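Enquirer: For reference, the structure I am asking about is given below.
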Amino acid sequence: MQLIDEGFAQWYRKYSALALLLIGALSSAWAASPEFQAILGDQGLAIANAVLATLGFIGRFIKQTAV
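Heads up, my numbering is the position in the sequence shown plus 1, with the first residue counted as 1.
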């Protein structure tokens, strides 16, 4: 397994890391709030997570100099 050249420096500036952070935050907020669950629903959460995961995957292929 080869690590990326930059290593873990400035990991927070990577699109994929931000997407994973947003997936975690969205899922945590959904689990903690019945009101948020009522607004978003199960299917809405699944769609939002899928969109964020897809954007994060695509973000791995973009040259990222600054976010």
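C-beta atoms are modelled at their ideal positions from N, C-alpha and C, and glycine is treated no differently. Source: prediction; values computed, not measured.
#1: Can you have a look at L53 and say buried or exposed, based on whether 16 or more other CB atoms are within 10 angstroms of its CB?
#2: Return the first residue and the last residue of the alpha helix (DSSP H) that A37 is part of.
#3: Work out the CA separation of N50 and R61 for me, nearest whole Å.
#4: Rounded to whole angstroms, what's the CA-CA distance from S29 to F37? Just pull it up for me.
Expert: So, to answer that:
#1: buried
#2: Going by the sequence as given, residue 37 is Phe instead of Ala. Looking at the DSSP string, the run of the alpha helix (DSSP H) that includes F37 is P35 to G60.
#3: 17 Å
#4: 10 Å
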